[in-house]
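Chemist: Below is one structure. I have some questions about it.
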Amino acid sequence: MASRPVEIGPAGLHSARAIECIRLARGLTQHQLAARCTELGRPMTNTALSRTERARRRCDIDDLVTIAVALSISPSALLPLRATNDPFFPAAHIQGALLG
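So, in structure tokens, the structure goes:
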């Protein structure tokens, strides 16, 4: 049986963009962030992080929490910010809202 591709929903897309945006704002490479995650006890390769940022890999809750700790932010900072008519806030608003 062929496996079906993993579909990433709006919240997952938002989180993927938020991870990349905040990582770049912190001046970290994917390799550096993946190494921080591994040091925190959640082994992660830069390939896995790249696939997560590009929404080619689901980010489970354990990965999300570890990535947030490695970025020195609250895990909630990687989630959609507020409900609107569209339940997930546009990713373009991440930089201003999260990084001030």
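The sequence shown lines up with residues 537 to 636 when you count with the numbering used here. Glycine included, every Cβ here is placed at the ideal spot set by N, Cα and C. These numbers were taken from a predicted model, which means no experiment stands behind them.
Roughly how many angstroms separate the alpha carbons of residue 633 and residue 596, rounded to a whole number?
Modeler: Only weak support exists for where residue 633 lies, its pLDDT of 47 falling under 50; the coordinates are left without a value.
Chemist: Whole angstroms are fine: how far does the CA of residue 557 sit from the CA of residue 572?
Modeler: 17 Å
Chemist: If we ignore side chains and look at the alpha-carbon of each, how far apart do residue 619 and residue 550 end up?
Modeler: Because residue 619 carries a pLDDT of 48, less than 50, the predicted location of this residue cannot be relied on, and no value is offered for it.
Chemist: Would you check if the distance between the CB atom of residue 552 and the CB atom of residue 588 is smaller than 8 Å?
Modeler: yes
Chemist: What residue from 568, 548 and 547 has the CA that sits closest to residue 606's CA?
Modeler: 568
Chemist: I need the straight-line Cα distance from residue 604 to residue 543, nearest angstrom please.
Modeler: 23 Å
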